[in-house]
Amino acid sequence: MKATFFITYIMVIGGLELLIVVLLRFTIMFLITRLQQRMQWLLR
């Protein structure tokens, strides 16, 4: 019982970490594209 609970806990934590990493990556990519658009708009 305790082992299965521990495995489930590890899986949940791992899933949350994966979700956070993916969200961070998407946010960074979005910010970079916005910055590039802003720079192009300023240079033009």
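To convert, take the position in the sequence shown, counting from 1, and add 70; that gives the numbering used here.
Don't be surprised by glycine CBs; every beta carbon is placed ideally from N, CA and C.
For the alpha helix (DSSP H) containing residue i, name the first residue and the last one.
i	result
Arg95	Lys72 to Leu113
Taking 8 angstroms as the CB-CB limit, is residue i close to chain C?
i	result
Ile102	Going by chain labels, chain C is absent from the structure shown, which holds only one protein chain.
Looking only at its chain, what residues have a beta carbon closer than 6 angstroms to the beta carbon of residue i, apart from the 5 residues adjacent to it on each side?
i	result
Ile102	none
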